[in-house]
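Asks:
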Amino acid sequence: MYVAVKGGEKAIENAHAWLAEERRGAPDVAELSVAQIREQLSLSVNRVMAEGSLYDPDLAALAIKQARGDLIEAIFLIRAYRTTLPRFGYTNPVATGNMACDRRISATFKDAPGGQVLGPTFDYTHRLLNFKLAAEGGDPIAPEAAPRTEPTPHITEFLKGEDIIQDEPTSDETPGDLTREPMEFPSTRPLRLQSLTRGDEGFVLGMAYSTQRGYARNHAFVGELRIGKVAVEMDITELGFAIEIGEVELTECETVNQFKGSKTEPPQFTRGYGLVFGQSERKSIAMALVDRALRWEELGEDNLGAPAQDEEFVLSHADNIQATGFLEHIKLPHYVDFQSELELVRKLRREAEERITPKEAAE
Amino acid sequence: MTELSEINTEARRARMGLLARAPEDALMALWQKYATPPRFEWLRRPEIGGVMVRGRAGATGAPFNLGEMTVTRCSVVLEDGTVGHGYVQGRSKPKSEAAALIDALMQTAAADEVRAQVIAPLSERVQADHTRRAAKAAATKVEFFTLVRGED
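Residue numbers (our numbering), protein chains in the order written: chain E, 6 to 368; chain A, 107 to 258.
1) Taking just the CA atoms, how far does residue 271/E sit from residue 116/E?
2) Could you tell me the distance, in whole angstroms, from the CA atom of residue 341/E to the CA atom of residue 70/E?
3) Would you please state the rounded distance, in angstroms, between the beta carbons of residue 188/E and residue 320/E? I believe it to be under 8 Å.
4) Does residue 288/E pass the burial test, meaning 16 or more other C-beta atoms within 10 Å, or should it be called exposed?
5) If the criterion is Cβ atoms closer than 8 Å, does the pair residue 95/E and residue 164/A meet it?
6) Does the separation of the CB atoms of residue 57/E and residue 28/E fall below 8 Å?
7) Using the three-state DSSP reduction, which class does residue 259/A fall into: helix, strand or coil?
8) Going by CA-CA distance only, name the one from 315/E, 330/E, 256/E that's closest to residue 125/E.
9) Could you compute how far the alpha carbon of residue 210/E sits from the alpha carbon of residue 144/A?
10) In whole angstroms, what is the alpha-carbon distance linking residue 111/A and residue 215/A?
11) Buried or exposed: where does residue 185/E fall if 16 or more other Cβ atoms within 10 Å of its Cβ makes it buried?
12) For residue 240/E, which residues does DSSP report across the bridge?
13) Count the other CB atoms, across all protein chains shown, that sit within 10 Å of the CB of residue 346/E; report buried if there are 16 or more and exposed otherwise.
14) Taking a contact to mean a Cβ-Cβ separation below 8 Å, would you say residue 136/A touches residue 227/A in this structure?
15) Under a CB-based cut-off of 8 Å, is residue 258/E close to chain A?
16) How would you list, in chain order, the residues of chain E whose beta-carbon sits under 9 Å from the beta-carbon of residue 154/A?
17) Could you please tell me which residues of the segment 241–252 of chain E, in chain order, have their CB closer than 9 Å to any CB of chain A?
18) When the Cα atoms are used, what is the spatial distance from residue 107/A to residue 254/E?
19) Chain E partners of residue 147/A, CB-CB under 8 Å?
20) May I ask you to verify whether the segment 306–314 of chain E touches the segment 209–227 of chain E, counting CB pairs closer than 8 Å and requiring at least 3?
21) For residue 280/E, which of 290/E, 250/E, 318/E has the nearest alpha-carbon?
22) Would you mind stating whether residue 198/E and residue 296/E have Cβ atoms separated by less than 8 Å?
23) When the distance is taken between beta carbons, is residue 156/A closer than 8 Å to residue 2/E?
24) Assuming residue 126/A and residue 250/E make a contact with CB atoms under 8 Å, what is their CB distance in whole Å?
25) Can you give me, in chain order, the residues of the segment 222–249 of chain A that have a beta carbon less than 8 Å from any beta carbon in chain E?
26) Taking residue 249/A as the reference, give the member of 235/E, 349/E, 130/E, 118/E with the closest Cα.
27) Step through the CB atoms of chain A and report whether any lies within less than 8 Å of the CB of residue 147/E.
28) Would you decide whether residue 350/E is buried or exposed? Buried here means 16 or more other CB atoms lie within 10 Å of its CB.
29) Assess contact between the segment 104–112 of chain E and the segment 228–243 of chain E, defined as three or more Cβ pairs (one per stretch) separated by less than 8 Å. Is contact present?
30) Just the C-alpha distance for residue 130/E and residue 207/A, rounded to the nearest angstrom, thanks.
31) Is it buried or exposed for residue 159/E, if we count other Cβ within 10 angstroms and need 16 for buried?
32) Could you tell me the alpha carbon to alpha carbon distance between residue 237/E and residue 285/E, rounded to whole angstroms?
33) Given a cut-off of 8 Å on the beta-carbon distance, is the pair residue 344/E and residue 275/E in contact?
34) Can you find a C-beta in chain A that's less than 8 Å from the C-beta of residue 176/E?
35) Which residue or residues does DSSP assign as beta-bridge partners of residue 170/E?
36) Buried or exposed: which applies to residue 264/E, given that a residue is buried once 16 or more other Cβ atoms fall within 10 Å of its Cβ?
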């Protein structure tokens, strides 16, 4: 059977030219600069960096401009760019206890040392559209107070003193890397955390919400949520010592969950952990809840058959680039596949009709 | 001798960290103002790459791979044989070149001058940015007060 496989070049070229024109929008409206996106749409930039799994605000802003604001398309662009970069190495684990906190809150301890620092939050805003922004935003200036100079300790450190919260198993084992080896099941917690931190925010949020609604019931408190900059340190072979090679903004969430105890563990609190590039509060809380739900086996809890306890289900569907690739490929030409299906259905239809027709003839 | 070299290493670590983190425009403005760059040869031309940033489960547990960040690196050798390395965040080749040259010069007789004209003002600038953010955060710290309840 003949199927046209060539002939789309001109149409594709013109479609891309039109895409460029549409991307620009009305020419009498000023063009967006990459710096404007980086500075003024910074939470979009953060999402693209987190799910693109590459910390570079300028690149993420460029990707958002190129993708016309479609964040999953922008994440796709970043993932593709990432693969072209030579890998210089792996950093030492970031010390989030030394974070310069812009925000640091706890839902469990009102008087935590270091205090409740709200930071630039949407919380307590009334979620009413602010029409002033439609005119002129102006140059607002935030008030200042005496800055804290010492590091802000993690809140779980205080619970540890009482031995009422499970300690994180310490290890310096080299973690698996999803970008180097495909995911295999059963997985490990380091791989789950890597998968969740780059996973789709909407998907991870939905999974986390399902645990709150009773599918794997693990009632979580936000023990601590902190946002701020952390130095990144790496060993440099030619120097023979480690240096800071930059700093990244991170959002970290530690949840505290009730735990009735098991055969080997006394009743205590357990933890879920979220750590995400940028100011990504919703994502990191969601990540911590899903991380906790996936730890059921390690903690000797029952498998309730909840989706959020099924690591194969969660991790296989968390990546929006994999998902988009598979979902959207069905819109591309499948003429040959479809022709064969068409033939098959016509044949089945003929056979079905033939089975009916002789009966009718006999009546 | 050992102590001295440890002090030198610590100072170099701090310097290289500052150069890596500093905003490109601030570093380049100071560097361009500082005399003419010295003559040098490349040991490694500027190269853009990625490093995988790691975190720890629960902040203190087992390490995991968080995601990559962009880094540019290069190495230079001055005419007197002094070697300098530049490792900077982001994708700027000029910034990595400046960082490597400054790293080299800081090991030569020019150190005091480079420290005064580049490192010290850059450090002040970075510290000032840091302090300003900390001051804004401090202004959003909640000061709880308890209301007297009229129960009796």
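Glycine included, every Cβ here is placed at the ideal spot set by N, Cα and C. Since we're looking at a predicted model, the values are computed, not measured.
Replies: The answer reads as follows:
1) 27 Å
2) 36 Å
3) 6 Å
4) buried
5) no
6) no
7) Because chain A is modelled from 107 through 258, residue 259/A falls outside the range shown and cannot be assessed.
8) 256/E
9) 54 Å
10) 17 Å
11) exposed
12) 247/E
13) exposed
14) yes
15) no
16) 90, 91
17) 241, 243, 244, 245, 246, 247, 248, 249, 250, 251, 252
18) Any reading at residue 107/A must be qualified, since the residue scores a pLDDT of 47, below 50, and its modelled position is unreliable; no value is offered.
19) By Cβ distance, chain E contributes nothing, its closest Cβ being about 16 Å from residue 147/A, past 8 Å.
20) yes
21) 290/E
22) yes
23) A query on residue 2/E cannot be resolved here, the shown segment of chain E reaching from 6 to 368 and no further.
24) 5 Å
25) 236, 237, 238, 239, 240, 241, 242, 243, 244, 245, 246, 247, 248
26) 118/E
27) yes
28) exposed
29) yes
30) 49 Å
31) buried
32) 19 Å
33) no
34) yes
35) 274/E
36) buried
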